[in-house]
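Structure first, commentary second.
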Amino acid sequence: MEGQLHDGRTARPWRVTIALDGGRIVVRAIDDAAVGLDWPLDQVRETLRSDGLYSLSRGAEDARLIVEAQAWRALAGRSHADIRRRGRGREWALVGGLVGAGLTVAAVVFVGVPLAAGPLARHTSPALEARFGASMEKQLTVPFRVCKADTESAALLSDLGQRLGKAANSPFPIKVRAVRAPFVNAFALPGGTILVTGRLIEEARGSDELAAVLAHEIAHVERRHVMQAAWRSMGAGLLLDAVVGGGSGAGQQLVVLAGGFADHRFSRTLEAEADDRAIEILRAQNISTKGMADFFDRLANRGDDPRLRQAAEWFQTHPDTVGRAEKAKRAIRPGQPAVSDRDWAVLDRVCRIVDAPKPKSRNGVR
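Residue numbers (numbering that gives the first Met the number 0): 0 to 365.
Right, here's the structure in full:
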């Protein structure tokens, strides 16, 4: 059969003869025997053109062979339906490849990264973790404003965190800040910063309960649990960033929030480890451990106290509250109050202090 060859090197179309020889297409120009092609038949891609002709090509080569459809089907021994099925087969192969690639990425992100989170956390330099935590804190304190830091209440909260931090072997100085948020929560960030919501402080019955919460979060910082959670969450964050567009401002913000807050979870093992270490920290500072038992116990039985239903939010990612309460009760040891009654009365107001409205001048300009 005859056809037309565009060799990809010259503008001239060549009239050619086309034959099959042992599973190969052999093409020779009628006017110049030196011009031609020799392609394996199974590597030829067939495209049906709008004029009813086939365009044959091979891989990334520029050469194109134009043939009459019926003659080509007769020569190649394929019907038009066979060729369409072959095209659909390539499409399904592409879909399968994409699905396989997606599953591989998902396995790395959601299985590989979590498994590697512990070693990654242990080998993350403190300087890098501190920078990561500082960036995360900037993001979180936009929706959750820090309660006034220049008050005696804030200073007492900070002093309590630093005192507990001295009993831990944390690679970071412990900084505790109260933030305004409509829920009960406390969470540690990479680098040693602990954010406590004003609602949690208001819910605590005495400084010993607050000290127990802070000691628990300090234990997470000391054992690098926080960075483990960050590495694990960054797996989802990397996928999220790929979806929203790498490097985009919105994507970066979502990745930071996903890694630092929305998916800030620890396993049962890490929670138990933090509980045990918190008790050791409290004992080292001669603070009664009864506050931890009392706080856990009240949360475990929060159905008896409607006010504690909101406090349960803190333990939504902290499983088996009843068991932890019983364990804390067995570990109760006497000690001194975390702060004096007078200081607790001041500290308890840390997020209740608000700025007085600025007076307006008569012309409306402040």
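Backbone N, C-alpha and C fix where the C-beta goes; we use that ideal spot for every residue, glycine too.
Since the model is a prediction, treat every value here as computed from it, not as a measurement.
Beta carbon of residue i, beta carbon of residue j: below 9 Å?
i, j, result
"A218", "A167", "yes"
"G2", "V15", "yes"
"A154", "A177", "no"
"L188", "M135", "yes"
"A75", "Q227", "no"
"S169", "V220", "yes"
"V375", "A185", "In the structure as shown, the chain begins at 0 and stops at 365. Residue 375 is therefore absent and cannot be evaluated."
"Y53", "V34", "no"
"P12", "I24", "no"
"L36", "A73", "no"
"K174", "I193", "yes"
"Q284", "L127", "no"
"G290", "A324", "no"
"G197", "R351", "yes"
"M0", "A68", "no"
"G58", "D41", "no"
"D347", "E216", "no"
"H224", "L298", "no"
Starting from residue i, follow the alpha helix (DSSP H) in both directions and report where the run begins and ends.
i, result
"V345", "D340 to L346"
"R48", "Per DSSP, R48 belongs to no alpha helix (DSSP H) and is neither H nor E."
"A271", "R267 to A283"
Could you tell me the boundaries of the beta strand (DSSP E) in which residue i lies?
i, result
"R14", "P12 to L19"
"P39", "G35 to P39"
"Q3", "E1 to H5"
"V349", "Careful: V349 lies outside any beta strand (DSSP E) and carries neither H nor E."
"I331", "Run containing I331: none; DSSP gives neither H nor E here."
"E67", "R63 to E67"
"I24", "R23 to A28"
"T196", "T192 to T196"
On the premise that residue j lies in contact with residue i, defined as a C-beta separation below 8 Å, what is that separation, rounded to the nearest angstrom?
i, j, result
"K326", "D274", "7 Å"
"S56", "R48", "About 12 Å; that fails the 8 Å criterion."
"L4", "L102", "At roughly 42 Å, the Cβ-Cβ gap does not stay under 8 Å, so L4 and L102 are not in contact."
"G190", "A133", "6 Å"
"E272", "R231", "At roughly 16 Å, the Cβ-Cβ gap does not stay under 8 Å, so E272 and R231 are not in contact."
"F131", "A229", "7 Å"
"P125", "F182", "Not quite, the Cβ-Cβ distance comes to about 30 Å (not below 8 Å), so this is no contact."
Is it true that the region 202-210 meets the region 140-150, where meeting means three or more beta-carbon pairs spaced less than 8 Å apart? no
Length at least 4, wholly inside the region 198-223: the alpha helix (DSSP H) runs in chain order: 206-221
Meets three-Cβ-pair contact criterion under 8 Å: the region 272-288 and the region 331-345: yes
Within the region 130-189, note down every full beta strand (DSSP E) run reaching 3 residues or more, in order along the chain. 174-178 and 185-187
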